[in-house]
Structures are given as C-alpha cells and as structure tokens.
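Protein chains: 2
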Amino acid sequence: MSLKVVFLGTSSAIPVPNRSFPSIAVLRKDEVIMIDCGEGTQRQMVLSKIGFGRKMKIIITHLHGDHVGGIIGLLQTMGMLKRIRPVEIYGPRGIKGFIRSAMQYLKIKLQYQLLIEEVKEGLVLQEKEYEVYATRANHLIKSYSYLLKERLRPGRFDVDKARKLGIPKGPLWHKIQSGERIILNNKIIEPDMVLGPPRPGRILGFSGDTRPNRKLSEFFKGADLLIFEATYSDKDFEKAVENMHSTSVEAAKIGAKAGAKMLALIHLSARYDNPSIIEAEATKHFSNVVVANDLEVIEVPYPDSGEPFKRYQIKSF
Amino acid sequence: MSLKVVFLGTSSAIPVPNRSFPSIAVLRKDEVIMIDCGEGTQRQMVLSKIGFGRKMKIIITHLHGDHVGGIIGLLQTMGMLKRIRPVEIYGPRGIKGFIRSAMQYLKIKLQYQLLIEEVKEGLVLQEKEYEVYATRANHLIKSYSYLLKERLRPGRFDVDKARKLGIPKGPLWHKIQSGERIILNNKIIEPDMVLGPPRPGRILGFSGDTRPNRKLSEFFKGADLLIFEATYSDKDFEKAVENMHSTSVEAAKIGAKAGAKMLALIHLSARYDNPSIIEAEATKHFSNVVVANDLEVIEVPYPDSGEPFKRYQIKSF
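One line per chain: the protein sequences are X and Z, in this order.
With my numbering, letter number 126 in the first sequence gets 1200, and the count goes up by one each step, no holes.
With my numbering, letter number 144 in the second sequence gets 1218, and the count goes up by one each step, no holes.
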C-alpha cells in the first residue's frame, strides 16, 4: 500500500516565485495527513489533484504565518464544496483561538465537523494503522516536530503452512493475512500459525522549524523518510543560530544520527536561487538527500520490501 | 504619468490552477493601491516584481475569505523585510478586528505603522492627486464598490503666453506647470495666465462582488477603466442571482451605461475553463471588454491624451 509524500510548498517565510509556503501532504489510502498549511496550500492541492474530499488531518508545527496562512481559506473552500467528512486539526496552543476567531470575523459556517486539538509532547493521535507523536522543537515560538509511525503489519503469508493446516485458498486466507483468527473444523487457527513475524510499518519525520539537537535525532530514530528544514547554507550558520533554524549540514547530520533512509530538505531561505548548493553541502554528511521541490512526490516503500524510494514531479497545469 | 493596473489574482472563491485569488494592484507613481488581497497575493507581488517597499494602501471590498486571505501574510512578510513606511488598510466593518485578532494569535509585531479604517459610503480617502469613494454593493454580506478618481491636473502649458509674459524658460516654467503661482519683476503671475483649462485625471472603478444595479452604473459614470466581476456566464443567470454575483452580460451593460472607456472582467467562476465564452457574451453589449488574466497589466491613459490603453502580460519566472 503506497505512502506518498506530496510537497505542496517548500519555501520559508519570504515568498519566492517557484516555491509556495510550507505544506506537506501525506497520502495514505483515502486519507490526506497534512503537515502545515501555508498560504496558497489549497491552490497547490488543486495543482496536485489531491482533491478536497478525502479523510483529512491537518497537523501544524507552529503558529508562524507562513505555516498557517492557508488554513482558513482551505476550510472555507471545503465548506463551499459541500464537504461532509469531518476535518481534524492538531497544533500548538493558540491554534484553536486563531482559527475560531478568524472564522467568526469572516462569518464562516461549515456544515462539516471541525475538531481542533491543541497538542502536547508525546502521542498526538492514534489510528488503527498508524500513530503520530510530537516532540518540542527548538524555534522562536512554541513549535513541534512530528513523527508519523505506521503500526506493525501482519507477517508474510506462508502458503505451505496454510496448506498443511488445510486452510482452503480464498476468503480465509485473506482473513488470516489481515491478522484475524479463523475457525476451521472446530479448531481455532491464530494468524501467527500461518504468518511470518510481524513486519514493520513506515516512519515519517517532520522537523518543522527548529535548531537541531540530540533530542531530535533520537525522536526521528529509524525514520524511513525524514523531512527536515534547511533554511540556511552552512555558510550562513550564524543566521541559522540567530533565527533558530537549521543549516543543510545540520539537517544532514540529524538524518545520519537518526539512521534515516532518506532525507528531504525543505524551507529554503529565499536568498538561495540555486538549491543544489544546499543539496551538495548536505550530501557530504548524508548520502540519500534531496532538496524537495514544490509539487514533487516521494513514495516511501516498506522497509522490508527491498523496493526503492520513488521520486517524481506532478505535472502542473 | 503612467497608471498601471496589475491583475494579481482574478479567480473567484474556488481555487483554480491558472488564477490566484482576487487582488488588483494599481501602480501610481511610487505607490501601490491594492484592491482586495486574496490568499497568494504576496507571491503574485513577487512574480510581478511590484516589491514590498512602496507607499501602500490596501482597500477591501468585503470580508469573504477569498478577498482577504492574503492580508495577514503580506503584512507579516513586509515586517520581516523591515518595511518602515506605514500601510493603510480600508474596508468594511470587521476588518480591524479580523486583522488585529489574527496578529495577536500569531504574535505578529510590525515595526511599521498600520492604520486600519472601517469605511462608509462616500469619500473614503483623499490624497493630493486623487480620491477614493465607496458605495454599497449588493452581495451576500456588507460589500463596497470603489472609485479611484484622480483630481484635475493643471492645464497644458502655453509657450507663447509664457514668452509674452517674459517668463524665462527653466524652473519658473516648471513651477507654473505644476500649478504654482510665481512672482516675476514684482508682478504675480497666476498659473491660469499661462496654462490652458484644467485637464481631467483618470477614473478607475472596482465592483467587488455584487449584483448589478442602476446605482452602480451611476457610481462608475465616466470611468476610464471599469473592473467588474463576471462570476457567471449569461447562461448561468440563475446562479448569479442566487449567489449575488453578476453575469458577463450584466457587467457589460453596467460598463455601457456608465460610459466606461474600457471594461475588464474578473472573478470568473472555476466552472469556466475557457474565459473566451465570457468575453464573447460581454462583447455583444460593450465593445472594449477583456477578461483579465493573472499577472496582466492594463495601462490607463489620460482621457484627453488620445493615447491608447496598453495591455500586456508580465513575464513570470
């Protein structure tokens, strides 16, 4: 089952021609899990054909304008498009007031349910197949980094074992594969009698805006794809310190320490016309690194699948 | 002195790939007078190279998300870019609360002065060389249409008269041309002794979102360029009535009744892939009409100059 990370916006706070404000959409089954929602996100969603009807969670790293400027517009648009599925929003303290007060001034009424939750460190949300965790990032205002962790999947189906147990091919195989026990000739057959050991899910890490630190490399341990901010080149290290951001090299080092399989850099400062400088600096410290572009997709494979990461650009209009 | 109207965004409320949300920038001398500021406006300003340092007024037609979603981001960006010139914002009641409360939640502090004025019908603002008027539009919520009217300019300089009066060519000629009296050989020379009759300035009209009505064609009387919403095709007249918008034909009829010299249509519904249908419908009722595209410029000549309107596309990145 594919896990697609769509980079809707990859700029930092100052607008640039070729990057929209920060937003990442994780497409998983029929759901979109969005990390940040900068100004312009809804239009990027149109360009990437994600649509406005999916199951949806919006997770906000911090309440800086460039990371939240697109929420109100997106909510209103989904209202006008007669969305009925609820929308869940998670973010730091203040997110609820920000959204509710803007909706009040703009007289926005939604016919779908809007759940806004102010998060703390630790487990943010649990779904049947994945969880999201937060840890405090180190930025100018209260900010969080997030980890999306798929739960263990049932092990590989062992056809020989199934045959030996006399389980006929068909619906019962599917039940077992999806982790359910079955009853056959008055005997209970547990899934682990047929399946191999449980297999790992995929892990995605999102730094938000932050200075790097050891806690973050622990938090992102084992991430399949780590998406880290690299606002500055290594040459502008002082600016990174001053503005509480990370450099290309710092992001790469966190990726290496965390043992991430792939690293995608975002949030590049408007001062860099050419992202290849940032990429080259990072590559010296972490081999599998890219600077993500707007409307680019990275497909994250299961860690035990042996399949490669896929990377491609969505055709825009 | 050129008067450029830059169409930053020409969509209606639902996002589309090729149009940003509503915003029009009028460039006059070193000033930008912006009508509406939809989500994405600041990025369109980068693409059109308008810059963030000019003298600036932002005039809002109504508090719908698609018309105001870009204000907060723009204000914050200008803060980060160390703007020092004040910014004036005009709009319907509620605009002040909307902006101030969002700034509070997002902890936005600006080092430049921000003046927010809630407008009523009539004279909205006066500058040395132009005035802006508002009239109530007819939309779902309290909305205004606006008229930007340049004051009369000094008349044409009559070289023969100047010579007869013995005024030497040079700085004194300039003084008279700019409307100042001079003293020459202890004699006062009034400008009208040298200049022809005062000449008209240019008039721009902005409908905002509205149903058409007779009051509007009066309000826009004599506009050089009238920018009117044409959310719907004539074929979708019922939808226009239901959603309190105008059709192509209605906009054209207002243009004709007002005696406008040129009509630019904006705010097309997302349902129309091809704007030429809208243009063709309008053309039957008003000859000089265009559907404005994003990042298009219309240069408005002085009515007495005999010069043509110029229209061109800004090259984007």
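For every residue, glycine included, the Cβ atom is placed at its ideal position computed from N, Cα and C.
| Check | Outcome |
| --- | --- |
| What is the rounded straight-line gap between the Cα of phenylalanine 1391/Z and the Cα of valine 1090/X? | Note on phenylalanine 1391/Z: pLDDT 47, under 50, position unreliable in the model; no value is reported. |
| Residues of the region 1329-1353 of chain X in Cβ contact with chain Z at a cutoff of 8 Å, in chain order, please. | none |
| Quick check on the DSSP output: the alpha helix (DSSP H) that includes serine 1175/Z runs from which residue to which? | 1169-1179 |
| So that I know if they touch, is there some Cβ in chain Z lying closer than 9 Å to that of glycine 1270/X? | no |
| Should valine 1315/X go down as buried or exposed, given a rule of 16 or more other Cβ atoms within 10 Å for buried? | exposed |
| With DSSP run on the structure shown, which of helix, strand or coil describes leucine 1184/X? | coil |
| Can we say the region 1132-1140 of chain X touches the region 1106-1114 of chain X, given the rule of at least three CB pairs closer than 8 Å? | yes |
| Determine the closest residue to leucine 1369/Z out of Ile1088/Z, Ser1086/Z, Pro1096/Z, Met1075/Z, with distance taken between C-alpha atoms. | Pro1096/Z |
| Would the beta-carbon of alanine 1176/X fall within 9 Å of that of alanine 1297/Z? | no |
| If you count every other CB in all the chains shown that lies within 10 Å of the CB of leucine 1269/X, and 16 or more means buried, which is it? | buried |
| Would you mind telling me which residues of chain Z sit closer than 7 Å to phenylalanine 1081/X, beta carbon to beta carbon, in chain order? | Under the 7 Å cutoff, chain Z gives no residues; its nearest Cβ is about 16 Å from phenylalanine 1081/X. |
| Determine, for valine 1090/X, whether the minimum Cβ-Cβ distance to residues of chain Z falls below 9 Å. | yes |
| Mapping DSSP to helix, strand and coil, what is methionine 1152/Z? | helix |
| Which chain X residues sit within Cβ distance under 8 Å of glutamine 1116/Z? | Pro1089, Glu1113 |
| Per DSSP, what kind of secondary structure is glycine 1112/X in: helix, strand or coil? | coil |
| From tyrosine 1376/Z to glycine 1114/X, what distance separates their C-alpha atoms? | 37 Å |
| Look up leucine 1222/Z in the DSSP assignment and say whether it is helix, strand or coil. | strand |
| Does any residue of chain Z have a CB that is nearer than 9 Å to the CB of lysine 1181/X? | yes |
| Could you tell me the alpha carbon to alpha carbon distance between alanine 1208/Z and glycine 1380/Z, rounded to whole angstroms? | 29 Å |
| Per DSSP, what kind of secondary structure is leucine 1189/X in: helix, strand or coil? | strand |
| Taking 9 Å as the threshold (beta carbon to beta carbon), is alanine 1176/Z in contact with chain X? | yes |
| Name the one or two DSSP bridge partners that isoleucine 1277/Z has. | Lys1223/Z |
| Taking CB distances under 9 Å as the criterion, tell me whether threonine 1084/Z reaches chain X. | no |
| Beta carbon of arginine 1230/X, beta carbon of arginine 1276/X: below 9 Å? | no |
| Go ahead and label glycine 1196/Z buried or exposed: buried means 16 or more other beta carbons lie within 10 angstroms of its beta carbon, across all protein chains shown. | exposed |
| I need the straight-line Cα distance from lysine 1384/X to aspartate 1378/X, nearest angstrom please. | 16 Å |
| Examine chain X for any beta-carbon lying closer than 9 Å to the beta-carbon of phenylalanine 1095/Z, and answer yes or no. | yes |
| Measuring CA to CA, which of Met1154/X, Ile1250/X, Ser1086/X is closest to glycine 1147/Z? | Ser1086/X |
| Establish whether the CB of valine 1371/X and some CB of chain Z are separated by less than 9 Å. | no |
| Residues of chain X with CB closer than 7 Å to the CB of valine 1120/Z, please, in chain order. | Pro1089, Val1090, Pro1091 |
| Could one say the Cβ of isoleucine 1109/X lies closer than 9 Å to chain Z's Cβ atoms, at least one of them? | no |
| Which partner residues does lysine 1129/Z have in the DSSP bridge list? | Glu1105/Z |
| With H, G and I counted as helix, E and B as strand and the rest as coil, what does DSSP make of methionine 1318/X? | coil |
| Where does glutamate 1162/Z sit, in a helix, a strand or coil, going by DSSP? | strand |
| Just by C-beta distance, which residues in the region 1141-1161 of chain X are closer than 8 Å to chain Z? | Val1142, Gly1143, Gly1144, Ile1146, Gly1147, Gln1150, Thr1151, Met1154, Leu1155 |
| Using 10 angstroms around the beta-carbon of proline 1271/Z, count the other beta-carbons present and answer buried if the total reaches 16, otherwise exposed. | exposed |
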